[in-house]
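Take a look at the structure below.
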Amino acid sequence: MKHLDEYRDGDTARHVAAAIHREAEPGRLYRLMEFCGGHTHTIFRYGIEDLLPANVEMVHGPGCPVCVLPIGRLDMAIRMARRDGVILASYGDMLRVPGSKGQSLMKAKAEGADVRMVYSTMDAVRLAETNPDREVIFFAIGFETTTPPTALAVEAACSKRLTNFSVFCNHVLTPPAIGAILDAPAAGDADAVAIDGFLGPAHVSVVIGSQPYEVFAAHYGKPVAISGFEPVDMLQSILMLVRQLNEGRAEVENQYIRAVTRAGNVRAQRAMARVFQVLPAFEWRGLGSIPCSALRIRDEFAAFDAEHRFDEPYVPAEGTKSCECPAVLRGAKKPTDCKLFGQACTPETPLGSCMVSSEGACAAYYAYGRMRTPAA
Amino acid sequence: MNAPSRIAMRRLDLTTGRIDLTHGAGGRAMQQLIGEVFRPAFDNPILARGDDHGLFDVPAGRMAMSTDSFVVSPLFFPGGNIGSLAVHGTVNDVAMSGARVLYLSAGFVIEEGFPLADLQRIVQSMGDAAHAAGVTIVAGDTKVVEHGKADGLFINTAGVGIAPPGIEISGDRARPGDIILISGTMGDHGIAIMAHRAGLEFETTLESDSAALNGLVAAMVGAVPGIRVLRDPTRGGLAAALNEICHQSGVGMFLHEAAVPVKPDVIGACELLGLDPLNVANEGKLLAVAPAAYAGRLLDAMRDHPLGRDAVAIGEVTADPSRFVRMATRIGGERIVDWLAGEQLPRIC
């Protein structure tokens, strides 16, 4: 299959991996963060770490939308779902994420709340059209990849004059989160995350382009390689970062040239700008409050903003004690550093968000990589 | 007892008629439904006696029995419908013991308003599937529930078969060193269903692989009586079936990703939906575990059968107290092949 087989080819992968082995300087540590959960998933699904030299280390980043949503926001969605007459439409990943007090959308659904799993925003709009006597709320989460479809859904609902469709917006932005990771922990801090370079996200960058990452190269001196999602893409991007570091360069390089340009998808950006505006600050699970890191629906579309239509206050909530999701999301700890991992916390009985989504580091590590953990 | 004579009534309208509550009420309307829809499709002397049970002789030996309920949505899909699936599913579950499958029962829960034409089509394909598989439907039941209490039609089938002497096939018999074989491509059924599910429609020419595997099993057991394990990887796909066997047998497994055949359409759809083909359901494939010494002969026997043409060896059983199914990935890394957490898509069968 075009654009799939060639990027999963074993010989090509081994060829690139051999170059990484050749070029990575012994005695030097290469700590590379893959920001995006899709990349984390690829690493484990294909066993990419088995092909890397020991001194090239992947640090898993927070780019898993399900994982970084604060519990208080999920609680709001659960309360919205439990309202009379409401259909809450959600991406499937969100259903099993634990909220506070052992709640989840899945449990609310079992108890009678009308929660529907949708694959696209337009399915949610269609639900509103076919259920005119119900309030349909779309639980929107995700980075810049899923934001344009939400914008189009709001515009579609507006032009169809739907009065029973709204969006609970939780869209977040990638560059501010990378900035927060680089800014947050001072060196020497117990929580410090040492990162030598970044693998930039694939789909997010299709939308925003490569330009927004230039600040991380220019001001923070961190090389960035924007990478496709297939294993050969990732190995090639890792090789690009190793070369940049060896040569003392810090640039934004684009491995994913088949889809990413410097300017990105301008039409998608315009759609986002029409419907959304940047919030002054947003609370991220694991990363805390980050300025200008999330979107809200513009006032002219307030009729489609679930937070405007339904009075559900945000109540900050704590996760399970001793759950290391926050540290895992910053790349400060590995899933196996958590006492709960694989014991109390498994994909069937998740205690933290990172164990739910297939893009979460804990879930990926558990499902694909736990043979690397010595038996407990 | 004589075969019941036809009750004098105007014939059912099998073109535009619909099921109503009287068809499940035990009265003449129900008798008419049985007489005009079920009995002609399942035609056999045991059923024709019209008793509340099927009465039949059984040869000496051990019996294998299984039951399965079918709630698939949509009811009709490329490659089959709920009726053929209900026959194949239970025939396969019984056949995985190595038994010769003989008899089935069929129970129907029908929603009020269900089109008689659809019912007849489904029942006829059940009859055809049973006939093709060489099994007889000897008992049945029909219930009608009010509108909104069932999504069209649910079917339960149960089946019995006779296990030949000397055959010992069970999920707890896999031993380190054994070879793991599969009969063909993985994930066809699940993706064919998903492609036609409301809200998920995508274009594909893919068909469900739904098929009765008892003929293939007979050929395999005939060639290699020492087969240790047979299983049809339905819900949860190959990954679930292999993990079940590892847990039953207390062993691990090691697979080679490059050896597992998956159709390009299935790979493409899995990419789109974020699925792993190894977690996607099959309804006409089986996996076998056999001692390495017999693996070649078994593979030949499988490939000689139309339903095993694409059979391949995909890995081997290992000694592993953790009971992991591990896999060498296409690119030369390694990973676990795990059970799927949560629900991929409800009502796949």
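Those protein sequence lines, which keep their order, are chains A and B.
Here the working numbering is used: position 288 in the first sequence is 288, and no number is missing along the way.
Here the working numbering is used: position 313 in the second sequence is 313, and no number is missing along the way.
We put the beta carbon where it would ideally sit given N, CA and C, even for glycine.
If you're wondering where the values come from, they're calculated on a predicted model, not measured in any experiment.
One finds 370, 371 in chain A with Cβ atoms closer than 9 Å to the Cβ of residue 324 of chain B, taken in chain order. Per the coordinates, the alpha-carbon of residue 118 of chain A lies some 47 Å from the alpha-carbon of residue 297 of chain B. 320, 321, 322, 324, 326, 327, 328, 329, 330, 331, 332, 333, 334, 335, 336, 337, 338, 339, 340: these are the residues of the region 312-340 of chain B whose beta carbon lies less than 9 Å from some beta carbon of chain A, given in chain order. Among the CB atoms of chain B, none fall inside 9 Å of the CB of residue 275 of chain A.
With a cut-off of 8 Å on Cβ pairs, the region 246-260 of chain A is not in contact with the region 132-140 of chain A, counting fewer than three such pairs. In chain order, 301, 305 place their CB closer than 6 Å to the CB of residue 219 of chain B, counting only its own chain and leaving out the 5 sequence neighbours on each side. Looking at the DSSP output, residue 114 of chain A bridges to A:87. Assigned with DSSP and collapsed to three states, residue 107 of chain B falls in strand. Along the region 3-25 of chain A, going in chain order, the ones with a CB nearer than 8 Å to a CB of chain B are 4, 8, 9, 10, 13, 14, 17. Residue B:121 holds the alpha-carbon nearest to the alpha-carbon of residue 40 of chain B among B:308, B:288, B:178, B:121. When C-alpha distances from residue 248 of chain A are compared across A:231, A:268, A:224, the shortest belongs to A:224. Taking a beta-carbon distance threshold of 9 Å, residue 358 of chain A counts as an interface residue toward chain B. In terms of Cβ geometry, residue 58 of chain A and residue 193 of chain A do not form a close pair [threshold 9 Å]. At least one C-beta of chain B is nearer than 9 Å to the C-beta of residue 348 of chain A. DSSP places residue 270 of chain B in no beta strand (DSSP E) but in the uninterrupted alpha helix (DSSP H) bounded by 264-273. Per DSSP, the beta bridge partners of residue 141 of chain B are B:107. Residues of the region 255-283 of chain B with a C-beta less than 8 Å from any C-beta of chain A: 258, 264, 267, 268, 271, 273, 274, 276, listed in chain order.
Residue 364 of chain A and residue 18 of chain B have their C-alpha atoms spaced approximately 49 Å apart.
One Cα belongs to residue 312 of chain B, the other to residue 96 of chain B, and the distance between them is close to 18 Å. Look at the region 87-121 of chain A: the residues with a C-beta under 7 Å from a C-beta of chain B are 96, 118, 119.
Under DSSP, residue 36 of chain A takes part in a beta bridge, and its partners are A:63. Excluding the 5 residues flanking it on each side, residue 23 of chain B has same chain C-beta neighbours closer than 6 Å at 29, 30, 33, 144, in chain order. Of all residues in the region 127-148 of chain B, none is placed with a Cβ closer than 8 Å to any Cβ belonging to chain A. With contacts defined as CB atoms closer than 9 Å, residue 332 of chain A and residue 70 of chain A fail to qualify as a contacting pair. Secondary structure note for residue 214 of chain A: its alpha helix (DSSP H) is the uninterrupted segment 214-218.
For the pair residue 198 of chain A and residue 245 of chain A, the Cα-to-Cα distance works out to about 11 Å. For the pair residue 16 of chain A and residue 239 of chain A, the CB atoms are nearer than the 9 Å cut-off.
Fully contained in the region 144-169 of chain A is no beta strand (DSSP E) run of length 3 or more. For residue 142 of chain A, the enclosing beta strand (DSSP E) starts and ends at 135-142. Just measuring C-alpha positions, the residue of B:270, B:55, B:45 sitting nearest residue 4 of chain A is B:270. Between the alpha carbons of residue 173 of chain A and residue 291 of chain A lies a distance of about 10 Å.
In the structure shown, residue 9 of chain A adopts coil according to DSSP, grouped into three states. The CB of residue 61 of chain B never comes closer than 7 Å to any CB in chain A; the least such distance is about 40 Å. Secondary structure note for residue 296 of chain B: its alpha helix (DSSP H) is the uninterrupted segment 292-303. Contact between residue 290 of chain B and residue 181 of chain B is confirmed by a C-beta separation of about 7 Å, below the 8 Å threshold. In the structure shown, the three-state DSSP call for residue 178 of chain A is helix.
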